[in-house]
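Each residue of the sequence shown is one higher than the last, beginning at 11 in this note's numbering.
In this text, a Cβ means the ideal position worked out from N, Cα and C, and glycines have one as well.
Predicted model, so just to flag it, every value in this text is computed and none were measured.
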Amino acid sequence: MLLKEAAAGEERMQGPRMYKTWGETLIRQSNNKVAKWLMVANKKAAAKAILMLPTSTTPPPHPQTPDQFAMEIIYHNRILNYKCRTMEPDSATAFYIPFYAGLAVGKYLWFKYRWKDRDRYCEMILKWLQEQPHWNSSGGWDHFITMGRITWDFRRTKDEDWGSKCIYLPGMRNITRLLIERNPWDYFDVAVPYPTGFHPRSDSDVLEWQDFVRNHNRKTLFCFAGAPRDTIKNDFRSLLLRQCMNVSGLCRAVDCAGTRCSNGTSLVLEAFLDSEFCLQPRGDSFTRRSIFDCMVAGSIPVFFWHRTAYLQYHWFLPSDPKSYSVFIHRNEVKNGTSIKSVLESYSKEEVKKIREKVIEYIPKLVYSKPKEGLESIKDAFDVAIEGALKRIKEQKQFGHKWK
Numbered sequence: 011m012l013l014k015e016a017a018a019g020e021e022r023m024q025g026p027r028m029y030k031t032w033g034e035t036l037i038r039q040s041n042n043k044v045a046k047w048l049m050v051a052n053k054k055a056a057a058k059a060i061l062m063l064p065t066s067t068t069p070p071p072h073p074q075t076p077d078q079f080a081m082e083i084i085y086h087n088r089i090l091n092y093k094c095r096t097m098e099p100d101s102a103t104a105f106y107i108p109f110y111a112g113l114a115v116g117k118y119l120w121f122k123y124r125w126k127d128r129d130r131y132c133e134m135i136l137k138w139l140q141e142q143p144h145w146n147s148s149g150g151w152d153h154f155i156t157m158g159r160i161t162w163d164f165r166r167t168k169d170e171d172w173g174s175k176c177i178y179l180p181g182m183r184n185i186t187r188l189l190i191e192r193n194p195w196d197y198f199d200v201a202v203p204y205p206t207g208f209h210p211r212s213d214s215d216v217l218e219w220q221d222f223v224r225n226h227n228r229k230t231l232f233c234f235a236g237a238p239r240d241t242i243k244n245d246f247r248s249l250l251l252r253q254c255m256n257v258s259g260l261c262r263a264v265d266c267a268g269t270r271c272s273n274g275t276s277l278v279l280e281a282f283l284d285s286e287f288c289l290q291p292r293g294d295s296f297t298r299r300s301i302f303d304c305m306v307a308g309s310i311p312v313f314f315w316h317r318t319a320y321l322q323y324h325w326f327l328p329s330d331p332k333s334y335s336v337f338i339h340r341n342e343v344k345n346g347t348s349i350k351s352v353l354e355s356y357s358k359e360e361v362k363k364i365r366e367k368v369i370e371y372i373p374k375l376v377y378s379k380p381k382e383g384l385e386s387i388k389d390a391f392d393v394a395i396e397g398a399l400k401r402i403k404e405q406k407q408f409g410h411k412w413k
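The following block contains the structure:
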């Protein structure tokens, strides 16, 4: 699919679909579990979330619980209706590859599938791409792709290791890759927000939600939603749970052992809405969807690793980490630093100022419901696509310096 930068005042461009995508085939071939992950909302959790909102904001916020790996489908559906889509290759600034790399590998990450199964679809799409004339003219520099999992799921170096080797395959090197977690040392990796349960349908939905979380009565100082890893020695999440439970009047703990917090639940949303701060340690990788659930609820994130957010979402978060978050080094916590004491040291005025910055950035952290996007507010998709187009255009300029 071809995208070009919009001229000032340019109307939305229309065009038929170019061809059946690889992604459609992957969805049809996915097993029932994968299909449910991607296509079915948790209606019970959504209903509970609606009950927590004022009448005026129901149902506009449109709470759902999409799978955290559904990003590829969200982006593809929006690009099909994107204002800058063109059917003229020679006028295109960039080429979008409508391939669901995450869905292609997700089915084969467990059980007894072979490394060949995990690489097959990526090898097929790259082979096809390298046969296209506009690929050969650039070597992939002006192409971009959405890969709806963390970058490490596509960086297998040995056949017996985890994931696919999609990023390491010939042809992928120069492609800009939008992922939910990036390798901070790879220029072509760009981290975009995890999908959350808030999909606004209009500008007014966003503004009403911002007012709601701004004025919501927060009863507890901080909260933590997560599952301990009992098999890991000195598990950090277990330490956070203990600190939280030891000050039960000031901290709300949601134990997510098993699948109790899978893809968001009303318990997690309630905890974030009711708390001034939310603890955000690394997940199974350095990032976690909970970061965005927390901030969309207007709670101030507390980080313990720089790679959880500061080295990830540069296009979507303020450049000054202190303006929207609190950082406590994990080693300080392990050595006895009281999280409660650190958070209590912030004055009401400071908390209000930081929360306002979090609320200001909510639009950039969510994906809107309409296929065409919102009226005037830019959501995470808009920020990501405009950023990709800008980056690709800059790469074509003589003397471009890699950042």
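- VAL393 carries a helical assignment under DSSP once its states are collapsed to helix, strand and coil.
- Across the structure, ALA281 and VAL264 are spaced so that their CA atoms are roughly 8 Å apart.
- Residue state for MET255 is assigned as helix, using DSSP reduced to three classes.
- Our two residues, MET305 and THR230, have alpha carbons roughly 16 Å apart in a direct line.
- Contact check for LYS358 and LEU260: beta-carbon distance about 15 Å, past the 8 Å limit, so the pair fails to qualify.
- Runs of the beta strand (DSSP E) spanning 3 or more residues and lying entirely within the stretch 89-164 occur at 104-107 and 153-160, in chain order.
- Burial of PHE79 is indicated by the presence of at least 16 other C-beta atoms within 10 angstroms of its C-beta.
- The DSSP-derived three-state label of VAL223 is helix.
- A Cβ-Cβ contact shorter than 9 Å links ARG159 with VAL115.
- Annotated three-state conformation of GLN290 is strand, per DSSP.
- Rounded to whole angstroms, the separation of the alpha carbons of SER147 and GLU404 is 17 Å.
- With contacts defined by Cβ atoms closer than 9 Å, TRP125 and ARG166 form a contacting pair.
- Assigned with DSSP and collapsed to three states, SER212 falls in coil, not helix or strand.
- The shortest C-alpha to C-alpha distance from PHE313 to any of ARG95, GLU133, LYS367 and ILE338 is the one to ILE338.
- If you draw a 10 Å sphere on the C-beta of ASN345, you find fewer than 16 other C-beta atoms in it, and that means exposed.
- When the alpha-carbon of GLU396 is set against those of LYS379, PRO380 and LYS374, the nearest one is in LYS374.
- By the neighbour-count criterion, in which 16 or more other beta carbons inside 10 Å mark a residue as buried, TYR197 falls on the exposed side.
- Excluding the 5 residues flanking it on each side, THR161 has same chain C-beta neighbours closer than 8 Å at ILE177, ARG187, LEU189, GLU191, ARG192, ASN193, ASP196 and ASP199, in chain order.
- Between the stretch 200-216 and the stretch 90-103, the count of C-beta pairs closer than 8 Å stays below three; the two stretches do not touch.
- SER355 sits in coil when the DSSP states are folded into three classes, being neither helix nor strand.
- Within 10 angstroms of the beta-carbon of GLU82 lie 16 or more other beta-carbons, which makes it buried.
- Residue state for ILE185 is assigned as coil, using DSSP reduced to three classes.
- Closest in C-alpha terms to ALA307, from the list TYR371, VAL257 and VAL223, comes VAL223.
- Under DSSP, VAL336 shares a beta bridge with VAL312.
- Residue environment: LYS175 is assigned as buried (16 or more neighbouring CB atoms within 10 Å of its CB, all protein chains considered).
- Here VAL376 really is in contact with ASP389; their C-beta atoms are around 6 Å apart, less than 8 Å.
- A Cβ-Cβ separation of about 17 Å leaves PHE246 out of contact with LEU353 under the 8 Å criterion.
- Closest by C-alpha distance to PHE109, out of GLU342, ARG95, TYR92 and ASN87, is ASN87.
- The residue from LYS381, SER386 and LYS400 with its alpha-carbon nearest to that of TYR85 is LYS381.
- Taking the Cα of ASP303 as reference, the smallest distance to any Cα among ASN227, TRP315 and GLN290 is reached at GLN290.
- In the structure shown, the three-state DSSP call for PHE232 is strand.
- From the listed residues CYS132, ILE242, PRO311 and ASN341, the smallest Cα separation to PHE234 is found for PRO311.
- Non-local C-beta neighbours of VAL216 in its own chain, meaning closer than 6 Å and more than five positions away in sequence, comprise PRO210, PRO373 and ILE387, ordered along the chain.
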